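Under my numbering, think of the first position of the sequence shown as 723, with each following residue one higher.
This report refers to the structure that appears directly beneath it.
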Amino acid sequence: MPLQANDNCSISLLKQSIMLKNIYKWHRYTSLIIALPVILWAISGFMHPIMTSFRPAIATQFLMPRPIDTSKLTVTLQQALRQNKIDTLQQFRIVCIDTHYFYQVVVNAGKPALYLSATTGEHLHNGDALYAQYLAKQFLQGQRTTKNDVVQPTTTDANCCDAATACILYDTVGASVASVDYTTTYTNEYKIINRLLPVYKVAFKRNDGIRVYVQTHTDKFAYAVDD
723 MPLQANDNCS ISLLKQSIML KNIYKWHRYT SLIIALPVIL WAISGFMHPI
773 MTSFRPAIAT QFLMPRPIDT SKLTVTLQQA LRQNKIDTLQ QFRIVCIDTH
823 YFYQVVVNAG KPALYLSATT GEHLHNGDAL YAQYLAKQFL QGQRTTKNDV
873 VQPTTTDANC CDAATACILY DTVGASVASV DYTTTYTNEY KIINRLLPVY
923 KVAFKRNDGI RVYVQTHTDK FAYAVDD
């Protein structure tokens, strides 16, 4: 029996209805896929202040920049690089440890920076880990701003690297450092929500076992956690 016009119209409407249902279904799926990253981002933003509220008490999360005494920069960066046979670098800046200035030189991204004295050009051994301790202690206990707060070096300025090392390793103010670890990946303790890498984990000899995470090439506080 041949189809009538009304039958053809009904079939056409049925096809259109099925097509629209399929379009709506795929639109719903694609909307969910697009919305998922936004939802996760919103959850991350919501959880961050909650998680940070459970951090152990520290003195500050920000260190005020100190003015550079240019009269103490008696060796140029170029001279210090030549002295240490460094041909290329990715970035550098001037940092101060106690009263001693160093060129913080990044030769390879993701690797600890080198520290070259701006007074003698000498390379500060294990300088990045030392600077991490210097930063972490100030975040934990407060930034040293007065002359009386500064640990006096046990050596003369003739060897500023020894003086800078001594003022960190033999600092008797507050808690002493238990360990220093260079971290390039997120861990169960230092999670991706903290967003800074690489960092140093500086553990202190305290009853609460506090660990302070710092980023040396930005002087940033990253995270703190205790037992």
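For every residue, glycine included, the Cβ atom is placed at its ideal position computed from N, Cα and C.
No experiment lies behind these values; they were computed from the predicted model shown.
- Contact between I890 and Q855 holds: CB atoms are separated by about 5 Å, below the 8 Å threshold.
- Each of V924, Y853, N916 and F824 was checked against the Cα of T841, and the nearest Cα belongs to F824.
- When the Cα atoms are used, Q813 and V827 turn out to be separated by approximately 6 Å.
- F943: member of the beta strand (DSSP E) spanning K942 to V947, first to last residue.
- DSSP places R815 in the uninterrupted beta strand (DSSP E) bounded by Q813 to I819.
- Within the same chain, and ignoring the five residues on either side of P920 in sequence, the residues whose Cβ sits closer than 7 Å to its Cβ are G832, Y904, T905 and T906.
- Nearest to Q805 by alpha-carbon distance, out of H845, F784, P834 and P778, is H845.
- Nearest to A925 by alpha-carbon distance, out of I915, N916, R917 and V936, is V936.
- P834 is classed as buried because its beta carbon has at least 16 other beta carbons within 10 Å across all chains shown.
- In this chain, the alpha helix (DSSP H) harbouring T887 covers C882 to L891.
- Counting only residues of its own chain and dropping the five nearest sequence neighbours on each side, V902 has a CB closer than 7 Å to the CB of A851, A854, Q855, Y922 and V924.
- Where A900 is concerned, the enclosing beta strand (DSSP E) starts and stops at V899 to T905.
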